[in-house]
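Note sheet for the following structure.
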Amino acid sequence: MQRTLAIVKPDGVSRSLIGEVIKRQEASGLKIVAAKLVRMTLAQAEGFYAVHRDKPFFGSLTAFMSSGPALVMVLEGDDAIARWRELMGATNYKEAAPGTIRADFATDIERNVVHGSDAPETAAFEIGYFFNCFELVG
Ligand code: UDP
Ligand code: MG
């Protein structure tokens, strides 16, 4: 069993894609063990994406992530990290496999609808960033 952090980013929430994303998660057998809508401050977005602080896209990314509500979730299942990233598709939607969330819905390399942790260590950090142990079910 593995856990991963999933986010429907502000573009996905404002475009009413929450249901579509959750439908795909549930259809794949990933279990939602925590979920909440958050409006991150710029500082909170900067902390979440601290690993990217030296990248040229950091300022724009953190402004975008704090621009409106996002749905943060914890998904659980065998190999959950890789399975969720497979459903998401590649970071650049133009390179994302057909049928993935990003291929189907992203409009821009930044506005790519969803986030997923990329390794067990980042999943542990990212889950702890938003949730405490009492908020994780099952
Ligand atoms: N991003 C961007 N420009 C880039 C690369 C990434 O705006 O050239 C944004 C995009 O929203 C991406 C996020 O920064 O999802 C984090 O980048 P990362 O490389 O971690 O991609 P991910 O893990 O989300 O696929
Ligand atoms: Mg990443």
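As numbered in the numbering used here, residues 19 to 156 make up the sequence shown, in order. For glycine and all other residues, C-beta sits at the position ideal for the given N, C-alpha and C. These numbers were taken from a predicted model, which means no experiment stands behind them.
Quick check on DSSP: helix, strand or coil for residue i?
{"i": "residue 79", "result": "helix"}
{"i": "residue 155", "result": "coil"}
{"i": "residue 16", "result": "Any question about residue 16 goes unanswered here, given that the chain covers just 19 to 156."}
Would you mind working out which of the options sits nearest residue i, comparing C-alpha positions?
{"i": "residue 42", "options": "107, 153, 111", "result": "107"}
{"i": "residue 151", "options": "104, 139, 92, 98", "result": "92"}
{"i": "residue 156", "options": "131, 129, 144, 94", "result": "94"}
{"i": "residue 128", "options": "38, 61, 79, 24", "result": "79"}
{"i": "residue 148", "options": "40, 52, 27", "result": "52"}
{"i": "residue 48", "options": "134, 83, 82, 77", "result": "134"}
{"i": "residue 143", "options": "84, 96, 66, 132", "result": "66"}
{"i": "residue 60", "options": "99, 82, 137, 50", "result": "82"}
{"i": "residue 19", "options": "36, 99, 136", "result": "99"}
{"i": "residue 35", "options": "141, 139, 136, 119", "result": "119"}
{"i": "residue 75", "options": "33, 126, 101, 132", "result": "126"}
{"i": "residue 40", "options": "25, 154, 124", "result": "25"}
{"i": "residue 132", "options": "44, 154, 77, 111", "result": "111"}
{"i": "residue 103", "options": "31, 33, 141", "result": "141"}
{"i": "residue 30", "options": "96, 154, 130", "result": "130"}
If you follow the beta strand (DSSP E) that residue i is part of, which residue opens it and which one closes it?
{"i": "residue 33", "result": "No beta strand (DSSP E) holds residue 33; DSSP gives it neither H nor E."}
{"i": "residue 23", "result": "20-26"}
Continuous alpha helix (DSSP H) assignments of at least 4 residues falling wholly in the segment 57-141
The DSSP assignment places complete alpha helix (DSSP H) segments of no fewer than 4 residues inside the segment 57-141 at 60-66, 76-83, 98-106, 119-123, in order along the chain.
Are three or more beta carbon pairs between the segment 40-58 and the segment 76-90 nearer than 8 Å?
Counting C-beta pairs closer than 8 Å gives three or more between the segment 40-58 and the segment 76-90, which meets the contact rule.
Three-pair Cβ contact test at 8 Å for the segment 115-127 versus the segment 63-73
By the Cβ test, the segment 115-127 is not in contact with the segment 63-73, since fewer than three Cβ pairs between them sit closer than 8 Å.
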